[in-house]
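Residue numbers (my numbering): -7 to 354. A quick write-up on the structure given underneath.
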């Protein structure tokens, strides 16, 4: 399974040469940078490391230095890829049916301090069509659509306070050509780790800061882009947060994919050794393989999970609809002093075909 990191690794091998992450890691150790994370590795560190590379490498990078945005993107993505590499390239894939259920699960009753990462930096791949949105022109013709790639999650320290750092990536596809390599959208948010505020309220506050709903200082195009980016960031973040909660719950179903068995490890045949190395390089953890949605309800989930740009319309549904799931922080043990997360899964309610009626909000 190809990941966003695979593309970055190839890009930096061309730009910086082989083993760039290991060479940068040696630089980090020489600088004695403490508590290595996305924020402790500063732009100046990457920039200084680039400046001690060969003349050929510096020449390749120089054309980006004249434009703050491309050079800033290069540095940010290199930092992210390095930290993911340093953490052992831990990749989780969320199965379609589980993802569709988690998007319909509320996070209003869980504080961000309850989240735990299985590794310092993890990467989640998600169903491509679940966290995307279409960009249309004045005639409602779709010009571009975004295709979800995945999200990196790590814990960072800012102003002596801990935060969850979520970096989300999507490909942009030009509809008329079907070219999936037209461009890329990246959205990064930092969620404070708090004991006294639920994750949804924290997320809403952060999104209000990044993508203000009622901004009057931006033009129509910027407002439209911000509005879509907010919708993507909210659904993407809710999916990632719920996945982390799911991993902590007693319902978590995990399967290691691509890791060789002991039988294969003991083989001495070169061909099989090469095959095993390839498997190790592409191994990942599949989440929720046995979680399924009844076939007769799949269309209902697709309808409710699909992101649509209708900011001035309210919908009422008849027929079948989804009762949203939630998390219950259930006490247990002696004196009920211990706590565990119980996932109350969403479910489809009602009979008949899904019908919707739209009302303009005046």
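Think of the CB as a built atom: it goes at the ideal place given N, C-alpha and C, for glycine as much as any other residue.
Going along the chain, which residues of its own chain have a beta-carbon closer than 7 Å to the beta-carbon of residue i, five neighbours each way excluded?
{"i": "residue 276", "result": "-7, 83, 84, 85, 249 and 250"}
{"i": "residue 186", "result": "103, 104, 105 and 194"}
{"i": "residue -5", "result": "83, 115, 117 and 142"}
{"i": "residue 221", "result": "179 and 203"}
{"i": "residue -3", "result": "73, 76, 81 and 115"}
{"i": "residue 227", "result": "95, 123 and 299"}
{"i": "residue 199", "result": "222, 225 and 226"}
{"i": "residue 230", "result": "95 and 99"}
{"i": "residue 66", "result": "56"}
{"i": "residue 45", "result": "8"}
{"i": "residue 243", "result": "335"}
Excluding the five sequence neighbours on either side, which residues of its own chain have a C-beta within less than 6 Å of the C-beta of residue i, listed in chain order?
{"i": "residue 334", "result": "320 and 322"}
{"i": "residue 280", "result": "87, 90 and 245"}
{"i": "residue 4", "result": "12"}
{"i": "residue 33", "result": "71"}
{"i": "residue 120", "result": "139 and 140"}
{"i": "residue 330", "result": "324"}
{"i": "residue 47", "result": "none"}
{"i": "residue 247", "result": "278 and 281"}
Our contact map puts residue i next to residue j with C-beta atoms below 8 Å; I'd like the distance itself, whole angstroms only.
{"i": "residue 162", "j": "residue 145", "result": "Not quite, the Cβ-Cβ distance comes to about 16 Å (not below 8 Å), so this is no contact."}
{"i": "residue 91", "j": "residue 1", "result": "At roughly 25 Å, the Cβ-Cβ gap does not stay under 8 Å, so residue 91 and residue 1 are not in contact."}
{"i": "residue 99", "j": "residue 191", "result": "5 Å"}
{"i": "residue 160", "j": "residue 225", "result": "7 Å"}
{"i": "residue 134", "j": "residue 126", "result": "5 Å"}
I'd like to know whether the C-beta atoms of residue i and residue j end up nearer to each other than 8 Å.
{"i": "residue 340", "j": "residue 89", "result": "no"}
{"i": "residue 70", "j": "residue 38", "result": "yes"}
{"i": "residue 164", "j": "residue 140", "result": "no"}
{"i": "residue 94", "j": "residue 235", "result": "yes"}
{"i": "residue 240", "j": "residue 108", "result": "yes"}
{"i": "residue 128", "j": "residue 79", "result": "no"}
{"i": "residue 278", "j": "residue 97", "result": "no"}
{"i": "residue 41", "j": "residue 16", "result": "yes"}
{"i": "residue 58", "j": "residue 50", "result": "no"}
How would you label residue i, buried or exposed, when you count the other beta carbons within 10 angstroms and need 16 or more for buried?
{"i": "residue 158", "result": "buried"}
{"i": "residue 138", "result": "buried"}
{"i": "residue 314", "result": "buried"}
{"i": "residue 296", "result": "buried"}
{"i": "residue 110", "result": "exposed"}
{"i": "residue 253", "result": "Because residue 253 sits at a pLDDT of 46, beneath the cut-off of 50, its placement in the model cannot be relied upon, and the point is left open."}
Can you list, in chain order, the residues of its chain with a C-beta nearer than 8 Å to that of residue i? Leave out the 5 residues immediately preceding and following it.
{"i": "residue 101", "result": "190, 318, 319, 320 and 321"}
{"i": "residue 286", "result": "340"}
{"i": "residue 150", "result": "31 and 182"}
{"i": "residue 237", "result": "99, 102, 106, 107, 319, 333 and 335"}
{"i": "residue 23", "result": "37"}
{"i": "residue -1", "result": "none"}
{"i": "residue 337", "result": "93, 97 and 317"}
{"i": "residue 20", "result": "28, 33 and 37"}
{"i": "residue 25", "result": "32, 33 and 37"}
Under the three-state reduction of DSSP, which class applies to residue i: helix, strand or coil?
{"i": "residue 248", "result": "strand"}
{"i": "residue 282", "result": "coil"}
{"i": "residue 228", "result": "helix"}
{"i": "residue 219", "result": "helix"}
{"i": "residue 317", "result": "strand"}
{"i": "residue 180", "result": "strand"}
{"i": "residue 62", "result": "helix"}
{"i": "residue 145", "result": "strand"}
{"i": "residue 133", "result": "coil"}
{"i": "residue 8", "result": "helix"}
{"i": "residue 100", "result": "coil"}
{"i": "residue 166", "result": "strand"}
{"i": "residue 188", "result": "coil"}
{"i": "residue 55", "result": "helix"}
{"i": "residue 233", "result": "helix"}
{"i": "residue 322", "result": "strand"}
{"i": "residue 195", "result": "helix"}
{"i": "residue 19", "result": "helix"}
{"i": "residue 120", "result": "coil"}
{"i": "residue 36", "result": "helix"}
{"i": "residue 175", "result": "strand"}
{"i": "residue 67", "result": "helix"}
{"i": "residue 295", "result": "helix"}
{"i": "residue 24", "result": "coil"}
Kindly say whether residue i, judged by its beta-carbon, lies nearer than 8 Å to any beta-carbon of chain D.
{"i": "residue 323", "result": "Protein chain content of the structure displayed is limited to a single chain, and chain D is not contained in it."}
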